[in-house]
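Down below is the structure, laid out as structure tokens.
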Amino acid sequence: MSSVAGEPAAAPAVFAGVGERVRRAVAAVAATDPHPSDPFRGLYVSDEAALALASGPTVGGVDDRIASVGALLGLEGLDLPLLALCAAPELDPRFGRLLSYLHDDVTRRLASPRLAARLLADDAEESDAVLARFAADAPLRRVGAVRLLDGEATTPVAERLVKIDDRLASHLLGADLAARPPGDRLVHPSACNGSRAGTVAQLRKALSDPGLGVPLLAVGPDGPELLAAARGGPVLVVGAREATTPQDAAAAELRAALAEAALCFELDGLSRDDDHAGLAACIAQRGSLTLLCARRPDAAAVPGLRALAISVPEPSLVERRALWRAHTPGADVEGVAARFRLSTAQIVHAAEVAVASARARGDELPSAADLERGARDASRTRLGELAVRVPPRAGWNDLVLAEEPLRLLRSVAAFLRHRDLVLSEWGYERAVGGGQGLKVLFAGESGTGKTMAAGVIAGDLGLDLFRVDLATVVSKYVGETEQNLDRIFAAAEGSNAVLLFDEADALFGKRSEVKDAHDRYANIEVAYLLQRMEAYAGAVILATNLRANMDDAFLRRLDVLIEFPFPEAADRRRLWQGLVPPEAPVDDDVDLDVLADRFRLTGGSIRNCSVT
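If you want the working numbering, it's the 1-based position in the sequence shown plus 807.
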């Protein structure tokens, strides 16, 4: 075995050496064939055909790839010729027929542990060493390079066929025949991390600590990007479901190694039905070198999982500007960078959409509308499955309101447009702290323009508006309301959407005085909603028709309260005038002043009357 499976500094002729071993084994079998005139030889490889195949030329250029893969996977010594033997049928079609000849079974075209020992070992001691290299915790299987195929119950384990990983085979062939799974994401370091340099340094220190003892978890939308910056190289992000079994984890590790990247398991997307215990055990078995990431803190709370969690902040306004400029050079990115709080990956996505939109129009430079379209596309989440998207249909000029509510509405829009300038660049974030979202209550009778006003704010900012009916979210079953709210806010994370919770009095009624268990749970639900609202980075608008039913203790937790008054006669006339289109055939005797004075109607009722 020493000529093939020794431990040289390099193995430039490993594949050729394995080929020679196979040729000699074929010759030995052919020379001792007890039935050379077997009439059924046509059903399998004949001695003559096997000898001819074994004497054929060896595929060139393979040894360098095997040596390269060995270095990437940390393989050395005996593992290299074993890898070459297992890969031989993939790399050279001759070997499939030769191995079936040596197995004396035309259907067994792969190596087995016992056949590998027969080919590469020179004595019993070396044979045992070869078999040991196929153990589950031995390097070849631990890194996912090979796996033992399940055979029939009567097939001895040493006789089971060994299959090389498809992606590894493609790599050795020099062709990307096995595409990376769609859930994998290769993340490269970003240079736009000025304000987050301290976080990068913290991650780098943890990565370099040999005594860390637990996996490193980066929590935040840009966790993988900052992990890549900390290690100075790419990170392959795969779903945590890939780590629930050692075999899947090994396959993911192999994909990362071939991409010359560090492997990072993403915890987002795990459900309650997933094998959390298996995940925690598999990650614990991998040790402290495991990298983890999660977009949200609640996604990182996996039962039984111990890890050093480091919070990764979102890109600052300055960093968002730099990222937009890097991917859309020459475009005016000031507005889109300020209004849309996007992660690094989302900005790359948005820039690609914006550039494609401009080129489809025949322009090289994206316009403000292109950038806004890209930002909205990058912000899209599963929120549409849980809430109703309200398309913008009106502008500021269409709102018929008194001066005070209109002023407050414009101040809400101004806050959302300029908050990063004030909080980040002017330094108020350090001075005042707290959340950066906005909690607003719209109170007024049905039809006074609450939904329309929310749409005007969202449309003015270029953001999506999603409406959630709180009456359908609240459940009589304990804990179900919180689960419904959690799904909505989890889906809204990173969407930059304005959330409108209609029928807010269904939850925010005057129930702070605890008289029974029902009141106690109702207050828990309210507290949970307020907590999720405060954690949401965008605007949350609560709308109610019954302001008097709202508990003052809850109202004090909100940032802005805007009353939508019943329209006066002058406002009703403006509504009639605006809701009757110029194209409509209107008789000369229609007197809008009379309609406005005689009928006390809200804007919604006037709209319905006009259409009817």
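Here a beta-carbon is modelled for each residue, glycine too, at the ideal position from N, C-alpha and C.
Note that the coordinates shown come from a computational prediction; the quantities given were computed from them, not determined experimentally.
Between alanine 1036 and asparagine 1000, the gap from beta carbon to beta carbon is short of 8 angstroms.
Between valine 1305 and asparagine 1291, the C-beta gap is not smaller than 8 angstroms, which leaves the two residues out of contact.
Assignment of alanine 1299 by DSSP, reduced to helix, strand and coil, places it in the helix class. By the neighbour-count definition (other C-beta atoms within 10 Å, threshold 16), cysteine 1416 is an exposed residue. Judged by DSSP secondary structure, serine 1231 falls outside any beta strand (DSSP E); it is assigned neither H nor E. Between the segment 1028-1046 and the segment 1063-1074 there are three or more inter-stretch CB-CB distances shorter than 8 angstroms, so the stretches are counted as touching.
Going by DSSP, glutamate 1390 is part of no beta strand (DSSP E) at all; its letter is neither H nor E. In this structure, glycine 1027 places its C-beta atom within 8 angstroms of the C-beta atom of serine 1118.
Between the segment 886-894 and the segment 989-997 there are fewer than three C-beta pairs closer than 8 angstroms, too few to call the two in contact. Following the DSSP letters along the chain, one finds aspartate 886 inside the alpha helix (DSSP H) bounded by residues 886-898. In this model, serine 1015 and glutamine 1009 are separated by some 10 angstroms (Cα to Cα). Residue range 973-980 is occupied by the alpha helix (DSSP H) that includes serine 977, with no beta strand (DSSP E) assigned at that position.
Taking a contact as a CB-CB distance under 8 angstroms, the pair alanine 1158 and histidine 1134 counts as one, their CB atoms being some 4 angstroms apart.
A Cβ-Cβ contact shorter than 8 angstroms links leucine 906 with leucine 917. In this structure, the CA atom of arginine 1414 is about 8 angstroms from the CA atom of tryptophan 1383. Contact check for proline 1120 against leucine 1130 fails: the beta carbons are separated by 8 angstroms or more. By the criterion of a C-beta distance shorter than 8 angstroms, alanine 1377 is surrounded in its chain by Ala1403, once the five residues flanking it on both sides are discounted. Judged by DSSP secondary structure, glutamate 1370 falls within the beta strand (DSSP E) whose first and last residues are 1367-1371. Residue Leu1307 holds the alpha-carbon nearest to the alpha-carbon of leucine 1190 among Leu1307, Phe1222, Leu1208. Beyond the five residues adjoining it in sequence on each side, threonine 1052 comes within less than 7 angstroms, by CB distance, of Gly1085, Cys1089 in the same chain, given in chain order.
In this structure, phenylalanine 1072 and lysine 1257 do not form a Cβ contact; the two beta carbons are roughly 44 angstroms apart against a cut-off of 8 angstroms. Assignment of beta strand (DSSP E) within the segment 986-1047, counting only whole runs of 3 or more residues, yields 992-994, 1023-1026, 1042-1046 in chain order. Under the DSSP assignment, arginine 1274 falls in the beta strand (DSSP E) whose first and last residues are 1272-1276.
Residue state for valine 969 is assigned as strand, using DSSP reduced to three classes. Closest by C-alpha distance to leucine 885, out of Leu927, Leu1096, Arg904, is Leu927. Contact between tryptophan 1203 and valine 1247 is absent: CB atoms are separated by about 17 angstroms, not below the 8 angstroms threshold.
Residue environment: proline 1110 is assigned as exposed (fewer than 16 neighbouring CB atoms within 10 Å of its CB, all protein chains considered). Secondary structure at aspartate 1309: strand, using DSSP grouped into helix, strand and coil.
Collapsing the DSSP output to three states places valine 1207 in coil.
Scanning the segment 1170-1198 from its first residue to its last, no whole beta strand (DSSP E) run of 3-plus residues comes out. In the structure shown, arginine 954 adopts extended strand secondary structure according to DSSP, grouped into three states.
If you draw a straight line from the Cα of valine 825 to the Cα of aspartate 870, it comes to about 11 angstroms. Here aspartate 912 is exposed: its Cβ has fewer than 16 other Cβ atoms, across all protein chains shown, within 10 Å. Between the C-alpha atoms of glycine 1286 and arginine 1339 there is a straight-line separation of about 15 angstroms. Listed in chain order, the alpha helix (DSSP H) elements of length 4 or more contained wholly in the segment 1107-1162 are 1124-1134, 1141-1146. Here glutamine 1092 is exposed: its Cβ has fewer than 16 other Cβ atoms, across all protein chains shown, within 10 Å.
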